[in-house]
Amino acid sequence: AQSVTQLDSHVSVSEGTPVLLRCNYSSSYSPSLFWYVQHPNKGLQLLLKYTSAATLVKGINGFEAEFKKSETSFHLTKPSAHMSDAAEYFCVVSGSGNAGKSTFGDGTTLTVKP
Amino acid sequence: EAGVAQSPRYKIIEKRQSVAFWCNPISGHATLYWYQQILGQGPKLLIQFQNNGVVDDSQLPKDRFSAERLKGVDSTLKIQPAKLEDSAVYLCASSILAGAYNSQYFGPGTRLTVL
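As structure tokens, this is what we get:
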């Protein structure tokens, strides 16, 4: 069994300040973990993924995430928020034991204030 | 390269009617997924195909939902009859292969409203 918990349903930051979106996971297998972003009226886009290589993963648009097995976390960060970062963000766990079936969190809405 | 195509983009029907959605994955992608995304929730996997075979359909309400992927390329998802709670965005995604490491590429979705 696997699950994902995104700890904040809404996060609001000011432009130029750091972003932290929190994600905890549970998996019976060695998981792969992903972050996707969904802008209004657009499809989901992959930001970054962890697949058992380096624990600090860098993605597109300046985002990065760190896999911490001891804390079962995969938090998404960005040093400086931009207005264009405002969107819905989804954390996803995919387990090798079930053909890579993916389980999505319920999402975090990021608002960026000018 | 062309992305995942879906049609229609929007559909409004009355309950008990039937509806079908179409998906064309990225060329060469063997794995195709259908997700249901209810407002305020993350996408939920309905069915996963590997070529034209079903890998996982454990969360597909089989009494009303059906899906097929003829010839291992395009796919159709059907709802018959629709219920109010089926109002959602239906997302199609594809990946090169199945498996935890593979990234999924998503289409724009079909927004279904059941009245």
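Protein chains in written order, with this note's numbering: chain S, 5 to 118; chain F, 140 to 254.
Note that the Cβ used here is the ideal one computed from N, Cα and C, for glycine as well.
Predicted, not measured: the structure shown is a model, and the values here were computed from it.
| Check | Outcome |
| --- | --- |
| With DSSP as the reference, please indicate the residues paired to Gly99/S in a beta bridge. | Pro35/S |
| So with Cβ pairs under 8 Å, would you call Pro164/F a contact of chain S? | no |
| Quick test of your reading: Lys183/F and Gln198/F, contact by CB under 8 Å. State the CB separation rounded to the nearest angstrom. | 6 Å |
| Kindly say whether Leu48/S, judged by its beta-carbon, lies nearer than 8 Å to any beta-carbon of chain F. | yes |
| On the DSSP letters alone, give me the boundaries of the beta strand (DSSP E) that Glu153/F sits inside. | Looking at the DSSP string, Glu153/F is not in any beta strand (DSSP E), and its letter there is neither H nor E. |
| Given that a residue counts as buried once 16 or more other Cβ atoms are within 10 Å of its Cβ, and exposed if not, what is Gln219/F? | exposed |
| Going residue by residue through the segment 28–92 of chain S, where are the continuous beta strand (DSSP E) segments of at least 3 residues, counting only ones entirely within it? | 35–42, 48–54, 60–62, 68–72, 77–82 |
| If the cut-off is 9 Å on Cβ atoms, which residues from the segment 17–33 of chain S count as contacting chain F, listed in chain order? | Tyr33 |
| How is the beta strand (DSSP E) around Ser13/S delimited, first residue to last? | Neither: Ser13/S is in no beta strand (DSSP E) and is coded neither H nor E. |
| Note down, in chain order, each residue of its chain lying with its Cβ closer than 7 Å to the Cβ of Ser227/F, except the 5 sequence neighbours on either side. | The displayed chain sequence assigns Ala, not Ser, to residue 227/F. Here the set comprises Gln175, Gln176, Ile177, Leu251. |
| Report the rounded CA-to-CA distance for Ser36/S versus Tyr240/F, giving the unit in angstroms. | 6 Å |
| Starting from Tyr229/F, follow the beta strand (DSSP E) in both directions and report where the run begins and ends. | 227–234 |
| Applying the criterion that 16 or more other CB atoms from any shown protein chain within 10 Å of the CB defines a buried residue, is Lys154/F buried or exposed? | exposed |
| Residues of chain S with CB under 7 Å from Gly181/F, in chain order? | Phe94, Phe108, Gly109, Asp110, Gly111 |
| In whole angstroms, what is the alpha-carbon distance linking Val41/S and Val15/S? | 14 Å |
| Quick one: measure Cβ to Cβ for Lys105/S and Gln187/F, integer angstroms, because I've assumed they're closer than 8 Å. | 7 Å |
| Nearest-angstrom Cα distance between Lys82/S and Val61/S? | 12 Å |
| Can you give me the start and stop residues for the beta strand (DSSP E) that Glu207/F sits inside? | 204–207 |
| Using the C-alpha atoms, what's the distance from Thr170/F back to Gly192/F? | 9 Å |
| Does any residue of chain S have a CB that is nearer than 8 Å to the CB of Phe160/F? | no |
| Taking 8 Å as the CB-CB cut-off, is Leu184/F touching chain S? | yes |
| Give a yes or no on whether 8 Å exceeds the smallest Cβ distance from Ser36/S to chain B. | The question asks about chain B, but that chain is absent: this structure's protein chains are S and F. |
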